[in-house]
Each structure stands twice: as C-alpha cells, then as structure tokens.
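These notes concern the structure reproduced below.
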Amino acid sequence: MSLAYAYPSSRFEPAPVIDLSDKATRERLSKSALQGFFKLAQAWKLRDEDACILLGGVSSSAFYEWKKKPGRVLEVDRITRISYLLGIYKALHILYGDQLADQWVSMPNRNVIFGGKTPLRYMQEGGLLAMQTVRTLLDARRGGM
1 MSLAYAYPSS RFEPAPVIDL SDKATRERLS KSALQGFFKL AQAWKLRDED
51 ACILLGGVSS SAFYEWKKKP GRVLEVDRIT RISYLLGIYK ALHILYGDQL
101 ADQWVSMPNR NVIFGGKTPL RYMQEGGLLA MQTVRTLLDA RRGGM
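For the sequence shown, position 115 matches number 115 in full-length UniProt numbering, and the numbering has no gaps at all.
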C-alpha cells in the first residue's frame, strides 16, 4: 500500500528549476540580471555604496566596471540576491503605485520584521536571508503565498 498522496490531474506545469551551478546558465542570465539590478537601483535612488552592499559587498571598482560592462558571469550568490531584489521590486509595483513602490525600501517600517528600520537597512544587515524574508512578506501581501 502506497502512502503517497494522489493528486488530481491538472494542466498546471511547474516551471523547471534553474540550475545556477551550471556556468552556461549563469552566463545566459548574468547580463540581464545586472541590467535589471542597475535599473532597480536607479528607481530606488540607491547610493552606490548601498547597491554594493546589496550585491554582497562588491568593491566600488568592480561595481563601476559591472555598470560599464554588465557582460560578466555572476556567482550563484549574486544572481540569487538580484533575483530576490527584482521580485521585491515587482511585488511592490503590484501592491503600490509607482512612486510609493520605489520609495518603500527607504521608508522606516513598523512591521515587527523590520523593527523600525527601513527595509533597505534590514536587507543590508541581514543579507540574502533578509531579502528572502522581505520577498516572502510582499508575496504574501499580494496574495502570492
């Protein structure tokens, strides 16, 4: 007797899981990820220092080089960070008007998660896990969870 659940048939097909350990996949995604990140940084009016921290502590020289030539292959950590941040950007624009959506990360937040800090500061201090938490929070608010 099988203990596995039997699910009804569905037309839903989950998206294939992307293997970021595959260099060819990272090569394909890196340029557009960086271009998206730089547009996000501009929309959020991030200082370059703040953007470097969100990318995981990139040096200023590397940051400016990536800005000029976004064709480099990113590491798994950086692609994952950018993915979370772009998801946060998208969720904010679904939830709020463009102006508030772009200001939200820089506004102090009373939600217990942030403890009065801005979401930007929270993500800078907490890194990847904090970005995941913010993304999950916003996805839940918009009904995506």
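Each residue gets a CB set at the ideal place from its N, CA and C atoms; glycine is no exception.
- Comparing alpha-carbon positions, the option among SER60, LEU54, LEU34 and ALA24 lying closest to GLY126 turns out to be LEU54.
- Residue environment analysis places MET123 among the buried positions, since at least 16 neighbouring C-beta atoms fall within 10 angstroms of its C-beta.
- When C-alpha distances from THR80 are compared across ALA15, LYS69 and GLY56, the shortest belongs to GLY56.
- Counting along the chain, the unbroken alpha helix (DSSP H) around THR133 starts and ends at 119-141.
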